[in-house]
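**Student:** Before we start, here is the structure in question, set down as structure tokens.
Number of protein chains: 2
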Amino acid sequence: MIRFYNARILTMADGCEITEGELWTDGDVISYIGETPAELPAFEREINAGGNLLMPSFKNAHTHSAMTFLRSFAEDVPLQKWLFEKVFPYEDRLTAEDVYAFDRLAILEYLASGTTAFFDMYFYPDSTVQAAIESGIRAVLCGSINGTVKDVERLNDQFQKFRHIHPRIGYRLGFHAEYTSDEGLHRGVAELAHAEKEPVYTHISETEREHLECIERHGASPAQYFESIGLWEYGGGGFHGVWFDGNDRAVFRRNDLWMVSCPASNAKLASGIAPLKEAYEEGVQLALGTDGPASNNALDPFREMYLGAVLQKLRHNDAAAIPANVMLQAATVGGARAMGLHDCDILAPGKQADLILIDLHAPNLQPIYHIPESLVLNGCTGNIRMTMCAGTILYENGEYFIGASPEEIIADTEKRISRLTG
Amino acid sequence: MIRFYNARILTMADGCEITEGELWTDGDVISYIGETPAELPAFEREINAGGNLLMPSFKNAHTHSAMTFLRSFAEDVPLQKWLFEKVFPYEDRLTAEDVYAFDRLAILEYLASGTTAFFDMYFYPDSTVQAAIESGIRAVLCGSINGTVKDVERLNDQFQKFRHIHPRIGYRLGFHAEYTSDEGLHRGVAELAHAEKEPVYTHISETEREHLECIERHGASPAQYFESIGLWEYGGGGFHGVWFDGNDRAVFRRNDLWMVSCPASNAKLASGIAPLKEAYEEGVQLALGTDGPASNNALDPFREMYLGAVLQKLRHNDAAAIPANVMLQAATVGGARAMGLHDCDILAPGKQADLILIDLHAPNLQPIYHIPESLVLNGCTGNIRMTMCAGTILYENGEYFIGASPEEIIADTEKRISRLTG
């Protein structure tokens, strides 16, 4: 049992109310939240939070973690040139061991940024599973975009292989996107989803071109086309949604789908600004993701929350466009629920102890008026003091407790990068 | 003498080339940059940079530092309501001692973010001067926006009082904005600038409304109107320039003026996205500022560089819109020159030792392909290991060396805030 006392606590159970008190963990779950009782049990460790903030950890609801290896490899080039000349040829050379190494690099950054779960789509899922299990973080794999899963049978094989492989690993059905697969595959995934009563996830309406080409092909936008073939009978969601119109958002609302926005990637790749204000006001469920680190370039939940808020102000020419709190909700509770981690969403007894401690005494978070808004508009990864996943502290005051040192992990990536890009 | 060895060095003397070697300081200046010589002099301290990056510190070329006291006080409210109900009434209550306290809070954040100089416009300049001198940071005061400087005579009094008060303090002529003063004042400032052969600075074309109203009043945009009355005979610059058109940028180019962009503030207040790509391509000199912390909400040069780059991609619907390097230049060399700190711009022997050490081994800066681009697109304040101003280390590995502890400074602001907003 670990005890945090003298803490401010933002449970997110009930909006953004903050209480003062203590929180205990027992094994991988939260066992108590409240005032200091008259009698205390024995603890393995007691941590004086010093008035700092305990809150649910961040959940990265869309990423391609191993793309760390191409971060800053080529900047400021047009999207098509970047993809075809600077990404695809190098991804072709990747081995399973490379993906493991580059995932570990991403995990260092996730933990230092307060992220304890990531929803990952990439090659070599075994490598991602291994990296996550070893480090102590949580990963949910999403369908696949790679060459080995070309048909629904193999998607099902992967699903069956990974769905119950480890308590910290999940698997959700999905495929890359409408424009990179055909109707046969889409209908096949829908059938599998019906058979398994499972949600389905995909990239959707990220660029205007892809959105319009789908309308040409299917006479309907991706969201409307997918709904028409029954893809989302058991829910799921879509990544990006930059070009959603009111009808697309209505599809998402009535099917309880998650709109996973990646504002930094959409900015860097000049895809556009997603209609988050409208989605929020219409009741669409929101989560946030970083997308891959090559198109971001960070794996930083603070960046996503901040952009999620301020880009709406620019889009709508209105400083009051969307409450900052909405982004805090999307980056934590929303993300967890979007990827099916319903026991990792809020802080409450019985929930998984996936939580962070934030240094409210850092100059950039002073003074303290409205902590949730402050986290969104002036918080930064440097404010993370501790990151706990499933009751285990994986990062604390700059130190990692993940079974390997940052130096080892970085040295391993350097060697591989020389080979891949040399 | 302090020696940094085993460093990567980005002098910014010649674009963004990086060399490996060492850098020495002697008193407040840089005394050597190069390879390790056969014989070494005696040093007070020798710092192994461990392959990390030494570079010029950031310069915040537009801010109202003491507005830390209103950060996160009121979020997501429309601009006019925010200003008239949530800012002005509280600013009216400020004392000189309050400004000193709130400046000290800002200085903590500046130093932790690698900023060693700020170009400040606010009430009670004596307080800002005191806070800067005591802490060891550099401040340049800019004209005034407050009630005590209503005429040119008093502006001149301030100018004469502060211009040579201390080696780390500067003063530049300026006034708040076209729309908050009249033609008499503008012409008076122009005369003073001519008499003193001094540059002049002002807020300019921050909002569309202000830009259009000036055209209505003067038959010319602010930039063109100010040029016509000879305000910029000896140079200077303007803060924001969000609504600049080609003619305004031409005024800036032909008068060698500094366009000081504040992208985060312009986003939060929904003022718009400044035409930085055009300005850059046309040869306008660029610097970056945070604006006040209440309208940002951070004092974070990484945020400004990042937004300066990616918002142009959104504005122009082009992932290649502006090279990231341009923003690194604007945040360091540009900022120094914009505020007249010509001996604090680059790293070179004889220049002021205003520099920072950046942890390139941080996971978010790995792998290392293009360091300057990486700093702009994935760097963060947590990557700052050391901040040196005028040869003195003021911040190192989370610790401050400024004559007061963060705890003291924060406790002082808390007391004052209770009084001001209670």
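Protein sequence lines correspond, in order, to chains D and V. Everything in the first sequence is counted per this note's numbering, starting at 17 for the first residue and increasing by one. Everything in the second sequence is counted per this note's numbering, starting at 17 for the first residue and increasing by one. Every residue gets a Cβ at the ideal spot worked out from N, C-alpha and C, and that includes glycine.
By the criterion of Cβ-Cβ separation under 7 Å, what are the contact partners of D/Glu91 in chain V?
**Tutor:** Those are Ala340, His386, Glu389 and Leu393, listed as they occur along chain V.
**Student:** Could you give the first and the last residue of the continuous beta strand (DSSP E) run that contains V/Ile362?
**Tutor:** Where V/Ile362 is concerned, there is no enclosing beta strand (DSSP E), given that its DSSP letter is neither H nor E.
**Student:** Starting from V/Asn64, follow the beta strand (DSSP E) in both directions and report where the run begins and ends.
**Tutor:** Residues Arg61 to Asn64.
**Student:** Which runs of the beta strand (DSSP E), 3 residues or longer, sit entirely within the region 149–197 of chain D?
**Tutor:** You should have 154–158 and 185–193.
**Student:** Does V/Trp248 get closer than 8 Å to chain D when you measure Cβ to Cβ?
**Tutor:** Judged by the 8 Å Cβ criterion, V/Trp248 is not in contact with chain D.
**Student:** On a Cα-Cα basis, can you pick out the residue from V/Met83, V/Ser129 and V/Tyr195 that is closest to V/Tyr140?
**Tutor:** It is V/Met83 whose Cα lies nearest to the Cα of V/Tyr140.
**Student:** Would you please verify whether the beta carbon of V/His219 is less than 8 Å from any beta carbon of chain D?
**Tutor:** No, V/His219 does not count as interfacial toward chain D.
**Student:** Residues in its own chain within less than 6 Å of D/Leu127 by CB, not counting five upstream and five downstream?
**Tutor:** Excluding sequence neighbours, D/Leu127 sits near Thr403, Leu410 and Tyr411.
**Student:** Would you kindly report the start and end of the unbroken alpha helix (DSSP H) that includes V/Lys75?
**Tutor:** No alpha helix (DSSP H) contains V/Lys75, which is instead part of the beta strand (DSSP E) from Phe74 to Thr79.
**Student:** Among D/Thr131, D/Trp248, D/Gly200 and D/Leu330, which one has its Cα closest to the Cα of D/Gly398?
**Tutor:** Comparing Cα-Cα distances from D/Gly398 to each of D/Thr131, D/Trp248, D/Gly200 and D/Leu330, the minimum goes to D/Thr131.
**Student:** If we ignore side chains and look at the alpha-carbon of each, how far apart do D/Ala439 and D/Lys97 end up?
**Tutor:** Here chain D covers residues 17 to 438 and nothing more, so residue 439 of chain D does not appear.
**Student:** Beta-carbon separation of D/Glu214 and D/Leu189 under 8 Å?
**Tutor:** In contact: D/Glu214 and D/Leu189 (Cβ atoms closer than 8 Å).
**Student:** Rounded to the nearest angstrom, what separates D/Leu99 and V/Ala295 at their Cα positions?
**Tutor:** When rounded, the distance between both Cα atoms is 29 Å.
**Student:** With the cut-off set at 8 Å, would you say V/Lys293 and V/Ile338 are in Cβ contact?
**Tutor:** Result yes, Cβ atoms of V/Lys293 and V/Ile338 sit closer than 8 Å.
**Student:** Within 7 Å: the Cβ of D/Pro57 and any heavy atom of the ligand COA?
**Tutor:** By its list of ligands, the structure shown contains no ligand whatsoever, and the ligand COA lies outside what it can speak to.
**Student:** Which residue or residues does DSSP assign as beta-bridge partners of D/Ile49?
**Tutor:** According to DSSP, D/Ile49 bridges with D/Leu39.
**Student:** Using a Cβ-Cβ cut-off of 8 Å, state whether D/Trp98 counts as contacting chain V.
**Tutor:** Yes - at least one Cβ of chain V is within 8 Å of the one on D/Trp98.
**Student:** Find the nearest neighbour of D/Asn341 within the set D/Glu320, D/Arg353, D/Gly356 and D/Leu357, judged by alpha-carbon distance.
**Tutor:** Taking only the C-alpha atoms, the option nearest D/Asn341 is D/Glu320.
**Student:** Going by beta carbon distance, what residues of the same chain come within less than 6 Å of V/Arg120, once the five residues before and after it are set aside?
**Tutor:** Correct list, in chain order: Ala147 and Ile425.
**Student:** Beta-carbon within less than 6 Å of D/Asp428's beta-carbon, same chain only, minus the 5 sequence neighbours each way: which residues are those?
**Tutor:** Ala117.
**Student:** Going by C-alpha to C-alpha distance, which of D/Ser47, D/Phe417, D/Gly31 and D/Cys32 sits closest to D/Met38?
**Tutor:** It is worth fixing the name first, because residue 38 of chain D is Glu in this sequence and not Met. With distances taken between Cα atoms, D/Glu38 lies closest to D/Ser47.
**Student:** Does any residue of chain D bring its CB to less than 8 Å from the CB of V/Asp316?
**Tutor:** Yes, V/Asp316 lies at the interface with chain D (some Cβ there is under 8 Å from its Cβ).
**Student:** Taking DSSP's pairing of strands, which residues face V/Met275 in a bridge?
**Tutor:** V/Met275 is bridged to V/Gly254 and V/Leu302.
**Student:** Which residues mark the beginning and the end of the beta strand (DSSP E) in which D/Ala29 is found?
**Tutor:** Segment: none, D/Ala29 is in no beta strand (DSSP E) and carries neither H nor E.
**Student:** At the level of alpha carbons, what is the spacing between V/Ala193 and V/Ser311?
**Tutor:** If I take the Cα positions, the gap works out to 17 Å.
**Student:** So, is V/Thr52 buried or exposed, given that buried needs 16 or more other C-beta atoms within 10 angstroms?
**Tutor:** Looking at its Cβ environment, which holds fewer than 16 other Cβ atoms inside 10 Å, V/Thr52 is exposed.
**Student:** Hey, V/Gly366 and V/Glu150: beta-carbon distance below 8 Å or not?
**Tutor:** It is not a contact, given that the beta carbons lie outside the stated cut-off.
**Student:** D/Thr131 touches chain V at which residues, Cβ-Cβ below 8 Å?
**Tutor:** The premise fails here: D/Thr131 is roughly 12 Å from chain V at the closest Cβ pair, so nothing lies under 8 Å.
**Student:** By the criterion of Cβ-Cβ separation under 7 Å, what are the contact partners of D/Arg87 in chain V?
**Tutor:** Pro383 and Asn394, listed in chain order.
**Student:** Against chain V, does D/Asp334 count as a neighbour if the rule is that its beta carbon must be under 8 Å from one of theirs?
**Tutor:** Cβ-Cβ to chain V under 8 Å: yes for D/Asp334.
**Student:** Using a C-beta cutoff of 8 Å, does V/Ala128 count as contacting chain D?
**Tutor:** Yes, contact with chain D.
**Student:** Helix or strand or just coil, what does DSSP make of V/Asp334?
**Tutor:** Note: V/Asp334 maps to coil in three-state DSSP.
**Student:** Touching or not, the region 350–368 of chain V and the region 275–294 of chain D, by the rule of three or more beta carbon pairs under 8 Å?
**Tutor:** As far as the Cβ criterion goes, the region 350–368 of chain V does not touch the region 275–294 of chain D, which means the pair count is below three.
**Student:** When the cut-off is 8 Å and only beta carbons count, does V/Val326 lie next to chain D?
**Tutor:** Cβ-Cβ to chain D under 8 Å: yes for V/Val326.
**Student:** Let me check understanding here. Comparing Cα to Cα, which of D/Met343, D/Ala280, D/Asn333 and D/Ala23 lies closest to V/Leu330?
**Tutor:** With distances taken between Cα atoms, V/Leu330 lies closest to D/Ala280.
**Student:** Would you list, in chain order, the members of the region 294–312 of chain D that have their beta-carbon closer than 8 Å to a beta-carbon of chain V?
**Tutor:** Correct list: Pro309 and Asn312.
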